[in-house]
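Enquirer: In this note's numbering, the protein residues as written are 189 to 737. Here it is: the structure, laid out below.
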Amino acid sequence: MRRCAATLVAARAGVAVVLAALAMAASPGHASAHAGLVASIPAASATLDEAPSDIVLDFDEPVEAQIASIEVFDANADRVIVGEPAASQGDDSIVLAGLPSLDDGIYAVVWRVGSADGHIVNGAFSFRIGTGGSIDAGDLLDQVSGGASASPAVGRAANVARLLGFVGLTVTVGAGMFAAMAASVLADSRTTRRLLAGGWLALFVGTVASYALHGASAVAGSLTDAVSPDVWQQIASTRTGRMLMIRLVLVVALGIVAWLGWRRPAVRPTNWWQAVAVAVALGTVMSYPSAGHASAQSPRSLWVLIDGVHLAGVAVWMGGLLLFATGGARWFTLGEGEPVVRRFSRVATVAVPMIVVTGSAQALQLAGGVQDLTDTSWGRTLLVKLAIVSVLVAIGAVSRWLVRNSSIVSLRRTVLAEAALGLVVLGAAASLVSLPPRPIDEGRIVSASLAQAGVLVDVTLTPGRIGDNQVHLVITPAGGSLTPVTNATARMDLPSRDIPASPVTIRADGANHYTGDITLPFSGDWTLDVIVEITPGNTVLFSTTVPIP
189 MRRCAATLVA
199 ARAGVAVVLA
209 ALAMAASPGH
219 ASAHAGLVAS
229 IPAASATLDE
239 APSDIVLDFD
249 EPVEAQIASI
259 EVFDANADRV
269 IVGEPAASQG
279 DDSIVLAGLP
289 SLDDGIYAVV
299 WRVGSADGHI
309 VNGAFSFRIG
319 TGGSIDAGDL
329 LDQVSGGASA
339 SPAVGRAANV
349 ARLLGFVGLT
359 VTVGAGMFAA
369 MAASVLADSR
379 TTRRLLAGGW
389 LALFVGTVAS
399 YALHGASAVA
409 GSLTDAVSPD
419 VWQQIASTRT
429 GRMLMIRLVL
439 VVALGIVAWL
449 GWRRPAVRPT
459 NWWQAVAVAV
469 ALGTVMSYPS
479 AGHASAQSPR
489 SLWVLIDGVH
499 LAGVAVWMGG
509 LLLFATGGAR
519 WFTLGEGEPV
529 VRRFSRVATV
539 AVPMIVVTGS
549 AQALQLAGGV
559 QDLTDTSWGR
569 TLLVKLAIVS
579 VLVAIGAVSR
589 WLVRNSSIVS
599 LRRTVLAEAA
609 LGLVVLGAAA
619 SLVSLPPRPI
629 DEGRIVSASL
639 AQAGVLVDVT
649 LTPGRIGDNQ
659 VHLVITPAGG
669 SLTPVTNATA
679 RMDLPSRDIP
689 ASPVTIRADG
699 ANHYTGDITL
709 PFSGDWTLDV
719 IVEITPGNTV
729 LFSTTVPIP
């Protein structure tokens, strides 16, 4: 009776924690991951008569304006003092910063914001006031955009922190659950205690490091910024920062509860500490999707729940494998270990299909289908992970067959193989978290300002990669005249591959504004020629190099 009551308490507490986690993540969201810039004032490569009152950035999902950065640089790469970035009133997908009066010339805007899923994204674009000067916008952007993102060391350290967290969560939750089921001679072994203590420590360190490194990434800093109290305070008000702090509190609570329970073996196998441990463990699991890709999907509550179920299944499956793999032969020879191993086999039979179904649903949602999986690092990493998981499931099927048809003594080798592959899968999962599931337009526009014979042509090509591209031409006649030019044409060729000039099909979208489309089949330095007929019989040729990665 006492066992049933305690189990009921654990179930109720667990449901409460899950509902609380969903409530924290229940605000509306967009079906995307990693914010993308969709519009700006001024527009990229725009030519204006006078400066606008604000720099306005419009994103495709809500962003965290409190850690946003907007910097403006003049033609000499000197910084222009602008206002503090702030969210637009009533629309948290728009960030703006006040702009002072600007002289004629070319300017670069370098921006950085935090996505709804906790990732930091950045970009840059140029605009021009008046028609004077002939500074190349691409050169200016190259000079000033280097400080828009954190040092590579921060990204590498963040990947290690995520891996530590995943491994720690797996050991603490999964291995801890099956260790608690075992009789005292197994659960109290020194090896098991060390494994669980090491798992909890990895989870704790991974959580603290993730918080600190998120701060360094948010300020585009270095590893030194990860230990700055000022940086910690800056991200404390963000949703990602809050979720990481909540996770840290839950991890500490889980460690305290588990320590108190293991210190009193007389109160086992089921008592208050296990009920609380289950509730806190569920809360810890749910804190991951509440601050990741799932939290940027719509409806948010549904996808956070699906990701939470997926992660819980992985933790139980992988955690059990690590417990048995590191526990030695005792789990496969002692009579007290056999029931736990057989119970794990039954649990894994349910957990694995659950993992596959929830994981597949998430992959399709995040990637928007399977047709573009190989176009992104996220998709390619996912395919590698799926290949390893397929092998893992096959070995698991062999283990299940051995449990049902042979002695558990024969399981040890397959369990060791499963555990080793499981660690590789966790590494792939840690990498997936840091990558955008879909190709994003990061505001990287190939642009150039070309001047000749007093005529200025602003050229932009987007998205600036292999495939379909759009070309924009904004022409300003000599002296800044608004008189429409007679005509404009464009062509592109790739000398390195002896590809002759192909015409760009352009159309007039307004006075001296033309838009065209062209498909670029290869990477390399393409040459773009623009022929502007100023007046009948009076033409000017402009040329620039367009690098396609």
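Beta carbons are placed, not taken as given, at the ideal position from N, Cα and C, and that holds for glycine.
Can you check whether the CB of Ala678 is closer than 7 angstroms to the CB of Val662?
Expert: no
Enquirer: Where does Pro737 fall in DSSP's three states?
Expert: coil
Enquirer: By alpha-carbon positions, which one of Val612, Asp246 and Gly409 ends up nearest to Val342?
Expert: Gly409
Enquirer: Which of helix, strand or coil does DSSP assign to Ser220?
Expert: Confidence in Ser220 is poor, its pLDDT being 44 and thus under 50, which makes the residue's placement unreliable; the coordinate value appears in the next sentence. Ser220: coil per DSSP, three-state reduction.
Enquirer: Could you tell me if Gly631 is buried or exposed, where buried requires 16 or more neighbouring beta carbons within 10 angstroms of its beta carbon?
Expert: Low confidence applies to Gly631: its pLDDT is 41, below 50, so where it sits in the model is not reliable, and the reading given next is rough at best. Buried, because 16 or more other Cβ atoms sit within 10 Å of the Cβ of Gly631.
Enquirer: Can you tell me where the beta strand (DSSP E) with Gly286 in it begins and where it stops?
Expert: Where Gly286 is concerned, the enclosing beta strand (DSSP E) stretches over Asp279 to Gly286.
Enquirer: Can you list the alpha helix (DSSP H) stretches of 4 or more residues lying completely in the stretch 525 to 607, in chain order?
Expert: 525 to 555 and 565 to 593
Enquirer: Okay, do the stretch 645 to 659 and the stretch 381 to 389 touch, 3+ Cβ pairs below 8 angstroms being the bar?
Expert: no
Enquirer: Secondary structure at Ala234, three-state DSSP: helix, strand or coil?
Expert: Assignment of Ala234 by DSSP, reduced to helix, strand and coil, places it in the strand class.
Enquirer: Sort Ala689, Ala536 and Asn675 by Cα distance to Gly725 and report the nearest one.
Expert: Asn675
Enquirer: Pick out whichever of Gln553, Ala503 and Trp505 has its Cα sitting closest to the Cα of Pro487.
Expert: Answer by Cα proximity: Gln553.
Enquirer: Kindly list the residues whose CB is nearer than 6 angstroms to the CB of Ser405, restricted to its own chain and excluding five residues on each side of it in sequence; keep chain order.
Expert: Ile308, Ala338 and Val342
Enquirer: Short of 8 angstroms in beta carbon distance, which residues of its chain neighbour Phe354, apart from the five on each side in sequence? Order them along the chain.
Expert: Gly394, Leu614, Ala617 and Ala618
Enquirer: Using the Cα positions of Gly652 and Ala414, report the straight-line distance between them to the nearest angstrom.
Expert: 34 angstroms
Enquirer: Can you name the start and end residues of the alpha helix (DSSP H) that Thr380 belongs to?
Expert: Here the alpha helix (DSSP H) through Thr380 covers Arg378 to Ala406.
Enquirer: Check whether the Cβ atoms of Thr426 and Ile282 sit closer than 7 angstroms, and answer yes or no.
Expert: no
Enquirer: Tell me whether Thr514 sits in a helix, a strand or coil according to DSSP, three-state version.
Expert: helix
Enquirer: Does the distance from the CB of Gly515 to the CB of Thr379 come in under 7 angstroms?
Expert: yes
Enquirer: For a quick check, are the C-beta atoms of Ala363 and Leu329 less than 7 angstroms apart?
Expert: no
Enquirer: What first and last residue would you give for the alpha helix (DSSP H) that runs through Val309?
Expert: Looking at the DSSP string, Val309 is not in any alpha helix (DSSP H); the run it does join, the beta strand (DSSP E), is Ile308 to Ile317.
Enquirer: Quick one: any contact between the stretch 533 to 548 and the stretch 493 to 512, if contact means 3 or more CB pairs under 8 angstroms?
Expert: yes
Enquirer: Apart from the five residues on each side of it in sequence, which residues of its chain come closer than 8 angstroms, Cβ to Cβ, to Met680?
Expert: Ala689, Ser690, Val692, Ile706, Leu708, Trp714, Thr715, Leu716, Asp717 and Val734
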